[in-house]
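Comments concern the structure below.
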Amino acid sequence: EHIRLTRDGAIARLILNRPARLNALIRPMQAELATALDLLEAEPPQVLILTGEGRGFCAGQDLTERYPQIAAGEAVHLGASLTQTYNPLIRRLNALPCVIIAAVNGVAAGAGIGLALTADIILAARQARFLMAFGKVGLGPDAGVSWALPERIGSRRALALALTGGRIDAQTALDWGLVWALHDADDLAAATQELALALVAGSAQAQRAAKQLLREKAPSLDAALARESACQDALGHTDFYRAAVLAFAAPKPAR
Ligand code: LHQ
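The sequence shown begins at 5 in the UniProt record's numbering and counts up one residue at a time.
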């Protein structure tokens, strides 16, 4: 099994598990990811942790997969591969209502960056690297990277990285706002778990609303204000909000 999906209460973990190839993506792995997404969609956790087994996060598309075809002089159809496998995967991860934390334990290259960018919060090991490997193999950015990377680090930095096939280290990723926090490799799993636990102590509905409001930018201030009002109206009816107000504002018993 190239993908492991585990659950611990409201926290789910999706682990890329092909460590000998730095979790490079092959077809059976894509199929397993699709099955994992079926389960996550049917019963969404409050928090999903996305991480890689071994010393890599995800080295992107497995470059050996199409070797036989290319060596035999046959045509390869990357567009079909994207529309049939990568695009649905990225779309489905983005559409999950839960908070997604990516724990980038090592190198993220090519489509591996696209996977990390589906997360709401990215934590990384100090030795993690983000490598725009697409250019090196003569391809353009895919797996949502052309949309999500400029949104995180700005269009000029994203373009320069894409043009040079450049890599940034974890510290630069932190400085550029791609990553929320860095941890020593040995501490990353524990720090991720700690963040996940802090999140599940919060209101799932409020987190869902924050995701909706912030990930899809409203076209105007008025549209944003209208969306905020609608969300807040719904959240005002939740037990979480009512209990928090009661706990905060109840008159203190006289001493
Ligand atoms: C790999 C890979 C790999 C196979 C490491 N494939 N074996 C999407 C959809 C549709 C079509 C096409 O494209 C895309 C988008 C993409 O993702 S394109 C980008 C594809 N990825 C890359 O070009 C990255 C290629 N890998 C590397 O440049 C290096 O391996 C990095 C910089 C990631 C890691 O370097 P090192 O830390 O020095 O590790 P390593 O190179 O020794 O890798 C360990 C093993 O993993 C090694 O195998 P070996 O048998 O020698 O131990 C690598 O061959 C294998 N591996 N990435 N993408």
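Ideal placement from N, C-alpha and C gives every residue a C-beta, glycine not left out. Remember, it's a predicted structure, so these values are computed and weren't measured experimentally.
What does residue i pair with, by DSSP beta-bridge criteria?
i           : result
residue 51  : 15, 103
residue 10  : 17
residue 81  : Per DSSP, none; premise fails for residue 81.
residue 113 : 135
residue 60  : 111
residue 173 : 133
residue 29  : 65
residue 241 : Answer is none; residue 241 lacks a bridge partner.
residue 186 : 128
Please confirm whether residue i and residue j have their CB atoms less than 9 Å apart.
i           : j           : result
residue 34  : residue 93  : yes
residue 267 : residue 91  : No answer is possible for residue 267: it lies beyond the span of the chain, which begins at 5 and ends at 259.
residue 40  : residue 63  : no
residue 183 : residue 189 : no
residue 45  : residue 5   : no
residue 117 : residue 147 : yes
residue 16  : residue 9   : yes
residue 50  : residue 107 : no
residue 97  : residue 57  : no
residue 135 : residue 152 : no
residue 82  : residue 143 : yes
residue 185 : residue 200 : no
Find the nearest neighbour of residue i within the set the options, judged by alpha-carbon distance.
i           : options            : result
residue 197 : 23, 104, 138       : 104
residue 71  : 63, 80, 64         : 80
residue 193 : 238, 68, 130       : 130
residue 329 : 67, 174, 49, 42    : Past the boundaries of the shown model lies residue 329; the chain is included only from 5 to 259, so the question cannot be answered.
residue 247 : 206, 218, 257, 165 : 206
residue 165 : 188, 133, 190      : 133
residue 174 : 127, 163, 156, 152 : 127
residue 236 : 252, 212, 225, 224 : 212
residue 260 : 14, 112, 242, 22   : Past the edges of the chain, shown from 5 to 259, lies residue 260, and the structure says nothing about it.
residue 53  : 74, 123, 60        : 123
residue 47  : 30, 100, 24        : 100
residue 59  : 38, 158, 24, 102   : 24
residue 61  : 32, 115, 245, 78   : 115
residue 239 : 214, 160, 87, 180  : 214
residue 157 : 82, 231, 199, 179  : 179
residue 88  : 233, 203, 31       : 31
residue 264 : 76, 77, 69         : Summary: the structure shown does not reach residue 264, with the chain confined to residues 5 through 259, and so no result is reported for it.
residue 203 : 66, 74, 18, 102    : 102
residue 208 : 245, 234, 224      : 245
Closest Cβ-Cβ distance between residue i and chain C: below 9 Å?
i          : result
residue 58 : No chain C is part of this structure, which consists of one protein chain only.
> So, do the region 128–143 and the region 154–170 have three or more beta carbon pairs nearer to each other than 8 Å?
Replying inline: yes
> For the region 208–223 against the region 251–258, are there 3 or more C-beta pairs whose distance is under 8 Å?
Replying inline: no
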